[in-house]
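S.K.: All residue numbers for the sequence shown refer to my numbering, where the first residue is 368 and numbers rise by one. C-beta atoms are modelled at their ideal positions from N, C-alpha and C, and glycine is treated no differently.
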Amino acid sequence: MVVRPDLLGLDDLSTVSQTFASQADVEQQVYAALEAGHAQRVRAMMQSLYLGGWTLSSIFDGPIRAAMTKIGALWLHAEWGLVVEHRATTIAIQSISQLRMLLPSPTPGAPVAVGSAGETDVYMLPSLMASVVLADAGYADVNLGPMTPPSVLRNAAGFYKARLSWVSVSSPTEPTRLAADLQQLHSDLRAVGTTLIVGGRMLRSIPASQLTGLNIVNTMAELHAYAKGMLKAGEAAPQREPGPTGGGGLAGGSGPVDGPNPMGDGVSGAA
368 MVVRPDLLGL
378 DDLSTVSQTF
388 ASQADVEQQV
398 YAALEAGHAQ
408 RVRAMMQSLY
418 LGGWTLSSIF
428 DGPIRAAMTK
438 IGALWLHAEW
448 GLVVEHRATT
458 IAIQSISQLR
468 MLLPSPTPGA
478 PVAVGSAGET
488 DVYMLPSLMA
498 SVVLADAGYA
508 DVNLGPMTPP
518 SVLRNAAGFY
528 KARLSWVSVS
538 SPTEPTRLAA
548 DLQQLHSDLR
558 AVGTTLIVGG
568 RMLRSIPASQ
578 LTGLNIVNTM
588 AELHAYAKGM
598 LKAGEAAPQR
608 EPGPTGGGGL
618 AGGSGPVDGP
628 NPMGDGVSGA
638 A
């Protein structure tokens with residue numbers, strides 16, 4: 368327990384209890400704070416969970432996913448839901464970025480991970496969360512954000528001599544072209560020693576035969592385990608296929624900006 372959070376620069380912690388009755392209680396409190404636009408409370412709860420022993424991937428796969436999925440559906444009932452979703456997305460980005468600041472700096476010589484959302488993908492949260500999870504796994508992370516062309520990602524991976532690269536694919540796009548682009552990117556990166564990992568709800572629209580050879584994760588926890596496994600084994604982990612929920616580990620959320628999807632199915636990632 369942190370007795371004097373202010374001494375650590377964590378003033379927000381003083382605004383919230385550091386204990387929760389259950390996971391359902393955590394999810395409900397995070398949702399309520401995000402839905403109401405209480406940025407300080409959201410930041411405090413994220414800090415409290417992390418300092419209380421929650422892994423970053425469990426925070427992202429759990430309360431953040433649950434809250435943003437629910438918030439992403441509000442626009443279906445009233446236009447004000449757009450305000451709530453966009454505001455909540457901004458608060459989530461701020462809170463996740465603050466958690467990132469609690470992580471130690473990469474060790475000298477740490478392998479680089481560089482990634483982004485796809486070329487037509489407007490979502491910010493999935494790629495941001497992937498970046499933070501990979502930093503937690505021991506990588507020097509470089510997040511290029513939304514709407515990144517494959518050529519830019521290839522060039523960045525080459526420049527940084529990246530060990531790992533990720534792509535989040537959540538925005539609607541033509542499935543056959545997406546599959547071809549991912550396969551080409553996978554091949555190009557493999558040629559320079561970079562392992563590509565992909566995730567996102569759009570993978571559900573692609574026939575499995577067109578995903579052969581791609582490394583796919585369905586949750587942030589899987590991404591973390593995959594990345595750690597690469598470090599321990601010195602080589603890429605075994606290929607994964609999309610899970611029953613359709614490859615949501617780097618997915619977007621629900622709503623007009625985020626699209627109708629839950630992360631594993633999804634987390635909201637508005638622009």
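#1: Could you compute how far the alpha carbon of Leu556 sits from the alpha carbon of Leu466?
#2: Output the residue ranges of the alpha helix (DSSP H) runs that lie fully inside the segment 492–546 and measure 4 residues or longer, sorted by chain position.
#3: Please report how far the alpha carbon of Phe387 lies from the alpha carbon of Thr422, in whole angstroms.
#4: Going by C-alpha to C-alpha distance, which of Asn585, Gly596 and Leu598 sits closest to Phe427?
#5: Just the C-alpha distance for Thr579 and Leu570, rounded to the nearest angstrom, thanks.
#6: Find out if the Cβ-Cβ distance for the pair Ser424, His553 is shorter than 8 Å.
#7: Let's see if you can read the secondary structure: which residues bound the beta strand (DSSP E) around Ala480?
#8: Mind checking which residues open and close the beta strand (DSSP E) that includes Thr562?
#9: Would you tell me roughly how many angstroms separate the C-alpha atoms of Ala600 and Ala497, rounded to the nearest one?
#10: By alpha-carbon positions, which one of Ala477, Ala434 and Val565 ends up nearest to Pro517?
#11: Please state the DSSP three-state secondary structure of Ile458.
#12: How far does the alpha helix (DSSP H) with Ile438 in it extend, from its first residue to its last?
#13: Determine the closest residue to Arg454 out of Ala403, Tyr506 and Gly476, with distance taken between C-alpha atoms.
#14: Count the other CB atoms within 10 Å of the CB of Arg521; is the residue buried (16 or more) or exposed (fewer)?
#15: Can you give me the Cβ contacts of Val536 inside the same chain, cut-off strictly under 7 Å, excluding the 5 residues immediately before and after it?
#16: My output table needs one value for Ile463: the three-state DSSP class, helix, strand or coil.
#17: Tell me the DSSP bridge mates of Asn585?
#18: If you drop the 5 nearest sequence neighbours on each side, which residues of the same chain put their C-beta closer than 7 Å to that of Leu470?
#19: How about Val559 and Gly525: are their beta carbons less than 8 Å apart?
#20: In this structure, does DSSP put Gly448 in helix, strand or coil?
#21: Counting along the chain, where does the alpha helix (DSSP H) carrying Tyr398 start and finish?
M.R.: So, to answer that:
#1: 30 Å
#2: 492–503 and 517–527
#3: 16 Å
#4: Asn585
#5: 12 Å
#6: no
#7: Val479 to Ala484
#8: Thr562 to Gly566
#9: 21 Å
#10: Val565
#11: helix
#12: Arg432 to Ile438
#13: Ala403
#14: buried
#15: Gly485, Asp488, Leu545, Val565, Gly567, Met569 and Leu570
#16: helix
#17: None; Asn585 has no bridge partner.
#18: Ala502 and Asp503
#19: yes
#20: helix
#21: Gln390 to Ala403
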